[in-house]
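Residue numbers for the sequence shown follow numbering that gives the first Met the number 0, beginning at 0 and rising by one.
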Amino acid sequence: MTLKRQIFTSVVMLALAGMCSLPVTAQQNNPANQATQTQAQASQPAQATATQKPPLTPQIRQGFWGRLNPFARKKYVQNQVAPIRDRLNELDGLSADNDKSIADLAAANKAALAKANAQAQQANDEANAATQQVQQTSSQADQLNQQVASVNTKVQGVDQYRIAQQAVLHFKPGPAKLSTPAQQQLDTFLQNLDTEKGYVVEVTAYSTRRGRAGDTASTDLANTVVRYLVLQHNVPLYRIFTMGMGNASAPVSAQMGEAAPTRRTRGGTVEIKVLKNSLATSGS
């Protein structure tokens with residue numbers, strides 16, 4: 000009986016010793032495997048992450064049970080999850096920063112686009128204003144050209160006079176004196192002349208006498224007519240041009256577009272012409 004108990008005790012001790020040696024062997028093999036895996040990971044190139052940190056390395060050693068720990072504690076789980084939670088928080092921060100950067104970039108692009116549109120609109124407005132200014136300047140230049148052309152026409156016509164009306168007075172021999180019919184003829188001839196502008200009166204006198212006597216007689220006749228124009232019809236002296244032609248031949252006198260020679264009388268003959276400036280004629 001005693002022998003059997005000793006044999007059983009020996010078997011139990013051997014079994015317990017064998018069971019204790021198994022975890023020790025597993026624990027001895029585990030560091031070797033961990034070192035092998037660590038070397039393999041070290042041999043691999045480091046991969047860049049969004050957080051600019053090395054990737055998370057899982058803990059290979061998991062306690063007394065080796066790779067498989069069916070009795071993981073809460074602290075162990077928290078130690079495994081905490082790094083992952085930290086990385087997720089960092090990723091959330093990076094995502095928020097990226098969203099902010101994108102929003103800032105969009106706002107900057109929008110502001111730049113609005114500024115470019117405003118500058119383009121301003122340039123368009125300035126171009127339109129410049130075009131209007133050019134058109135206005137061109138219109139003013141055309142008006143000035145027309146005015147210059149009109150002034151040139153007026154300047155060219157300043158000394159251009161045309162015969163508006165003419166009359167011939169015949170005097171009897173004797174003193175240079177206007178007869179009543181001659182005065183009436185002058186009154187009719189000079190009617191409404193005081194309202195006219197741009198006119199001159201040409202008085203040319205002829206005599207039948209010869210030599211100096213003819214010159215004196217023709218001058219007296221012209222002066223008689225001029226005196227009547229000034230005193231009776233208020234014709235300004237600066238508008239009257241006189242000439243005593245003496246016994247010179249009278250030129251052909253044109254009236255109403257018809258040419259007719261001036262008839263000489265023994266007392267003398269006076270031709271009166273009213274000439275109007277071409278500007279006054281065009282203005283009327």
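Ideal Cβ positions, reconstructed from N, Cα and C, are used throughout, including at glycine.
Exposure of residue i, with buried meaning 16 or more beta-carbon neighbours within 10 Å
| i | result |
| --- | --- |
| residue 101 | exposed |
| residue 42 | Residue placement at residue 42 is flagged as unreliable, the pLDDT there being 48, under the threshold of 50; a coordinate-derived value is accordingly withheld. |
| residue 23 | Bear in mind that a pLDDT of 43 at residue 23, under 50, signals an unreliable position, so the model cannot answer this. |
| residue 160 | buried |
| residue 114 | exposed |
| residue 237 | exposed |
| residue 253 | Reliability of the predicted coordinates at residue 253 is poor, the pLDDT of 40 falling under 50, and no value is obtained from them. |
| residue 93 | exposed |
| residue 177 | buried |
| residue 147 | exposed |
| residue 202 | buried |
| residue 80 | exposed |
Segment limits, beta strand (DSSP E) that includes residue i
| i | result |
| --- | --- |
| residue 166 | 160-170 |
| residue 246 | Note, residue 246: premise wrong, no beta strand (DSSP E); not H, not E. |
| residue 213 | First-last for residue 213: 210-232, but that is the alpha helix (DSSP H), not the beta strand (DSSP E). |
| residue 203 | 198-205 |
| residue 195 | From DSSP, residue 195 is part of no beta strand (DSSP E); its letter is neither H nor E. |
| residue 267 | 267-276 |
8 angstroms contact criterion, which residue i and residue j should meet: CB distance rounded
| i | j | result |
| --- | --- | --- |
| residue 198 | residue 274 | 6 angstroms |
| residue 219 | residue 181 | Between residue 181 and residue 219 the Cβ distance is about 14 angstroms, and since that is not below 8 angstroms, they are no contact. |
Beta-carbon gap between residue i and residue j smaller than 8 angstroms
| i | j | result |
| --- | --- | --- |
| residue 224 | residue 269 | yes |
| residue 207 | residue 246 | yes |
| residue 204 | residue 267 | yes |
| residue 188 | residue 271 | yes |
| residue 216 | residue 241 | no |
Spatially closest choice to residue i from the options, by CA coordinates
| i | options | result |
| --- | --- | --- |
| residue 167 | 160, 159 and 185 | 185 |
| residue 194 | 233, 164, 217 and 201 | 233 |
| residue 276 | 169, 201 and 162 | 162 |
| residue 173 | 265, 104, 77 and 139 | 265 |
| residue 243 | 214, 105 and 121 | 214 |
| residue 164 | 137, 192 and 145 | 192 |
| residue 190 | 209, 179, 77 and 231 | 231 |
| residue 209 | 248, 103, 227 and 79 | 248 |
Terminal residues of the alpha helix (DSSP H) in which residue i lies
| i | result |
| --- | --- |
| residue 185 | 179-188 |
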